[in-house]
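What follows is a set of notes on a single structure, which appears directly below.
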Amino acid sequence: MDHSSSEARPVKFSNPLVTVEGCPRASVKLKCLKTLWFNTGTLCNLACNHCYIESSPTNDRLDFITLRQVEHFLDEIQREHLATEEIGLTGGEPFLNPDIIAIMAAILRRGFRLLVLTNAMRPMLKRRSGLLALQKRYGNQLTIRVSIDHYREELHEQERGKKSWQPMLDGLAWLSEQGFTIDVAGRTAWGDEERALRDGYAVLFKRHNIAVDAYDKKRLVLFPEITADPNLPEITEDCWQILNVDPDAMMCASSRMVVVPKGEQRPTVMACTLLAYDQQFNLGHSLVEAAGTVQLNHPYCASFCVLGGGSCVVTE
Ligand code: SF4
Ligand code: SF4
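So in my numbering, the last one in the sequence shown is 305, and the numbering has no gaps at all.
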């Protein structure tokens, strides 16, 4: 006998306004566009297991952004008197973008703080002279964030592939020697206690003379895992109070990300750095259009932001 119902069962994360249980879905208003991210393109020299944007040497779903496209948004920030203080560049690997140094120079010239996420490998080191010129001129207005998944080589390489450790260390050591302001992005994926993780990174930094304080949470940022597990709970409006989480602390309350979908002439503004492809989170072509409310209709909203306590982009 067939016991199946003819009506399809509602599934989680489908209706942007209500959860599967019929409760009002949580949403986040843009409070102030403090940080604007640009995705520089999805191509990467690596293809890491955990890469939430699925970057690789062949993934070109997001095109390289051009200097002209970046300047268009910087103009909008200034024309609209937006309170944006910081620009972030993420990828893929940003240093593969042919315009990267010109883009960085344009951002710094206008007085923004700039954070660039990188794996610090060969593509970055090929830009040494351009980077040094920017560092000399703008000093700590520029921060380079290097991803080190774990302080143990074998765990980093488990994610990033064989021979990914030493080139990263070479790049990191070069940045440190040259006096760049450096952040490190680590991960909590292996379940270590935070103190033990920080101790491990501290030993690594000391051994290689890397000028990063592993106990400073702003310098060594430890990110929770991003997972799209369909069993995750959906976040309702009541959850803010139940979980004692402030909606204004979500990335989408203070940032947006500009992407260039392959083959499209105009960049689009996405709600946050984590959701580069999902068209529900495409908020339009300008920062003014993108200044609305975001419905938290994705498992990443639950896993990384609300339950994981993550903020800021996880990796390059
Ligand atoms: S995690 Fe970073 S380095 Fe690894 S594939 Fe993704 S963008 Fe590239
Ligand atoms: S993933 Fe996080 S930052 Fe992005 S829309 Fe969801 S809650 Fe907002």
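Note that beta-carbon positions come from the ideal geometry of N, C-alpha and C, so glycine has one too.
8 Å CB neighbourhood of residue i in its chain, flanking five on each side removed
i: V7; result: P13 and R14
Reference residue i; option with closest CA among the options
i: Y41; options: V0, C290, L263 and L158; result: L263
i: F2; options: P256, T225, F62 and P83; result: T225
i: Y204; options: T31, G175 and D218; result: G175
i: T170; options: A178, L161 and T177; result: L161
i: D181; options: P213, L51, P219 and D159; result: P213
i: L296; options: V201, D202, L56 and I231; result: I231
i: W229; options: A291, S165 and N108; result: A291
i: S136; options: V173, T31 and I89; result: V173
i: R116; options: K125, I90, D52 and N108; result: I90
i: V210; options: D159, G11, D138 and G80; result: D138
i: G32; options: S243, S118 and E82; result: According to the sequence shown, residue 32 is Leu rather than Gly. Here the closest residue by C-alpha is E82.
heavy atom of ligand 2 below 7 Å from residue i C-beta
i: A217; result: no
i: H287; result: yes
i: V210; result: no
i: F293; result: yes
Same chain, Cβ closer than 7 Å to residue i, neighbours up to 5 away in sequence not counted
i: Q284; result: P5, L6, R14 and S16
i: L97; result: L103, L123, Y127, Q130 and L131
i: I215; result: Y41, L263, Y289, S292, F293 and V303
i: P156; result: M110 and R111
Through-space distance from residue j to residue i, alpha-carbon basis
i: E253; j: L272; result: 15 Å
i: V258; j: N38; result: 26 Å
i: E74; j: L121; result: 23 Å
i: D64; j: I133; result: 24 Å
i: C294; j: L114; result: 33 Å
i: P46; j: P87; result: 15 Å
i: L164; j: V9; result: 49 Å
i: E142; j: D188; result: 15 Å
i: L193; j: Y140; result: 7 Å
i: T24; j: V105; result: 12 Å
i: G100; j: R68; result: 15 Å
i: D49; j: S275; result: 23 Å
i: R184; j: L144; result: 18 Å
i: I66; j: K18; result: 18 Å
i: Q269; j: K195; result: 45 Å
i: L35; j: A265; result: 18 Å
i: L51; j: A191; result: 36 Å
i: A178; j: E146; result: 14 Å
i: S(-7); j: V0; result: With a pLDDT of only 41 at S(-7), under the threshold of 50, the placement of this residue in the model should not be trusted; the figure read from the coordinates follows. Approximately 16 Å, taken between the alpha carbons.
i: I199; j: N108; result: 15 Å
i: R149; j: V201; result: 22 Å
Neighbourhood of residue i by C-beta distance below 6 Å, restricted to the same chain and skipping five residues each side
i: I54; result: F27, T29 and V249
i: D237; result: K20
i: P256; result: Q58, V247 and V249
i: I92; result: L56 and V59
i: D(-9); result: Low confidence applies here, because D(-9) scores a pLDDT of 39, under 50, leaving its location unreliable; read the following figure in that light. Same-chain partners within the cutoff: there are none.
Limits of the beta strand (DSSP E) - the one that residue i falls within
i: R176; result: T170 to R176
i: L106; result: R102 to T107
i: Q284; result: T282 to Q284
i: F293; result: No beta strand (DSSP E) contains F293, which DSSP labels as neither H nor E.
Ligand 1 heavy atom lying under 7 Å from the CB of residue i
i: L164; result: no
i: I42; result: yes
i: N306; result: The question about residue 306 has no answer, for the chain in this structure spans -10 to 305.
i: G81; result: yes
i: C33; result: yes
i: N28; result: no
i: C12; result: no
i: A265; result: no
i: N233; result: no
i: A36; result: yes
i: R149; result: yes
N-terminal and C-terminal residue of the alpha helix (DSSP H) that residue i is part of
i: L56; result: L56 to R68
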